[in-house]
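2 protein chains.
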Amino acid sequence: MSGSTSADARRVAALDRVLEVTVLLGRDMTSSLAASGLTVARTTLLWQLRATGPSTQRALADALGTSARNVTGLVDGLAGAGLVTREPHPTDRRATLVTLTARAEELLSGMAVEQAQLADQLFGGLSPERLDGLVSALDEVLGRLRPLVPDGAAS
Amino acid sequence: MSGSTSADARRVAALDRVLEVTVLLGRDMTSSLAASGLTVARTTLLWQLRATGPSTQRALADALGTSARNVTGLVDGLAGAGLVTREPHPTDRRATLVTLTARAEELLSGMAVEQAQLADQLFGGLSPERLDGLVSALDEVLGRLRPLVPDGAAS
DNA sequence: TATTGTTATACTCTATAACTATA
DNA sequence: TATAGTTATAGAGTATAACAATA
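The following block contains the structure:
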């Protein structure tokens with residue numbers, strides 16, 4: 012398409028690396044969240060709430076790129092765990108505002124710390140120049156990747 | 012832990028990029044596989060078989076880092092779709108050898124082509140130097156990440 | 001005794017469709 | 001009419017535990 016065979020092989024090698032990182036990070040997240048009784052899907056919803064503040068379930072469904080039905084289930088689980096509450100919407104009586112509890116805020120703060128520690132572990136060995144190169148390369152890749160994917164939020 | 016605040020922020024920024032790539036690639040794969048009536052879990056098993064040849068379900072469970080019960084279900088689905096068969100193990104009558112069908116081999120060859128095209132789309136805009144820098148940075152990150160994750164195969 | 005793969009059971013994530021209450 | 005969220009139903013992935021057949 013646009014290069015020699017060896018250049019193609021290099022790109023495939025890069026994609027292989029990215030896919031392996033994807034698989035391993037997924038496992039790491041799943042298992043470390045399981046220790047807190049959480050799942051990736053529920054935690055994604057919590058992070059979205061932390062970023063945007065109290066939200067309707069419809070807004071959450073759009074942001075997460077999932078169905079309204081699914082959000083009902085996720086919120087049910089989180090409410091049962093005492094991490095969110097359903098508050099009445101001030102002007103629209105059809106809607107509910109999903110809101111983080113204080114416990115969830117604390118939990119998320121702790122997770123942010125853990126995430127920074129993970130970032131340190133993973134990237135601490137790279138020089139500032141290589142780290143910047145990595146970030147800019149990933150930004151370029153993201154620019155190509157985003158249009159390929161239907162839509163939804165990319166926390 | 013090992014750097015200034017701004018260096019920490021840079022590392023967190025890098026992790027954010029990686030996580031976004033993870034999310035978007037997952038969606039891209041899920042939706043493109045769904046078009047073929049496949050799921051990510053089942054396709055992972057097919058790729059494993061392609062890499063290693065006919066395997067027992069126990070070997071697949073270990074390679075995929077999942078339970079034997081789960082492999083039974085995945086193989087059931089793939090067998091129903093005509094993509095694998097269960098053959099008797101030549102020496103161990105407890106075990107079965109899961110084997111790709113010709114149709115699965117063709118399907119996987121097509122997927123390999125699509126993957127190369129995706130690699131071209133994502134990385135085609137990077138100079139050879141930047142691409143090499145990306146790959147070597149990811150290799151270093153993988154070296155840190157692998158020990159953090161329980162175990163199992165990484166595609 | 002240990003191992004392979006199955007059945008039994010259960011939970012989570014996900015989707016579509018029908019329905020209720022509101023806009 | 002359209003929208004927010006629920007109930008109904010269904011399928012896929014995952015896990016543990018108990019069990020049968022075989023090593």
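Going line by line, the protein sequences match chains A and B. Mapping of the first sequence onto our numbering: position 69 corresponds to residue 80, and the numbering continues sequentially without gaps. Mapping of the second sequence onto our numbering: position 75 corresponds to residue 86, and the numbering continues sequentially without gaps. Even for Gly, the Cβ is constructed at its ideal location relative to N, Cα and C.
A contact between stretches requires three or more CB pairs, one per stretch, nearer than 8 Å, and the stretch 116–134 of chain B meets this requirement with the stretch 52–72 of chain B.
Taking the Cα of D87 of chain A as reference, the smallest distance to any Cα among A:T107, A:R61, A:G76 is reached at A:T107. Inclusion of R61 of chain A and L111 of chain A in the CB contact set at 8 Å is warranted, their separation being smaller than that value. Taken in chain order, the complete alpha helix (DSSP H) segments of 4 or more residues contained in the stretch 34–120 of chain B are 51–63, 68–75, 79–91.
Between the alpha carbons of P65 of chain A and V51 of chain A lies a distance of about 20 Å.
Contact of L56 of chain B with chain A by beta-carbon distance below 7 Å is absent, the smallest such distance being about 14 Å.
Not flagged as an interface residue toward chain A: T50 of chain B, since no C-beta distance is shorter than 8 Å. Per DSSP, the unbroken alpha helix (DSSP H) holding G144 of chain A starts and ends at 139–156. With at least 16 other beta carbons inside 10 angstroms of its own, E31 of chain B counts as buried. By the CB criterion at 8 Å, A127 of chain B and D103 of chain A fall outside the cutoff. Excluding sequence positions up to five before and after A79 of chain B, its CB lies within less than 8 Å of the CB of Q68, R69, A72, all in the same chain and listed in chain order. About 7 Å separates the Cβ atoms of A92 of chain B and G48 of chain B, confirming a contact at the 8 Å cut-off. For the pair A24 of chain B and A25 of chain A, the CB atoms are not nearer than the 8 Å cut-off. DSSP, read as helix, strand or coil, puts V32 of chain A in helix. Taking 8 Å as the upper bound on Cβ-Cβ separation, chain B lies near residues G76 of the stretch 61–89 of chain A.
Cα atoms of N81 of chain B and T41 of chain B: separation of roughly 19 Å, rounded to the nearest angstrom.
Of the candidates A:R105, A:V124, A:T96, A:P101, A:T96 places its Cα closest to the Cα of R114 of chain A.
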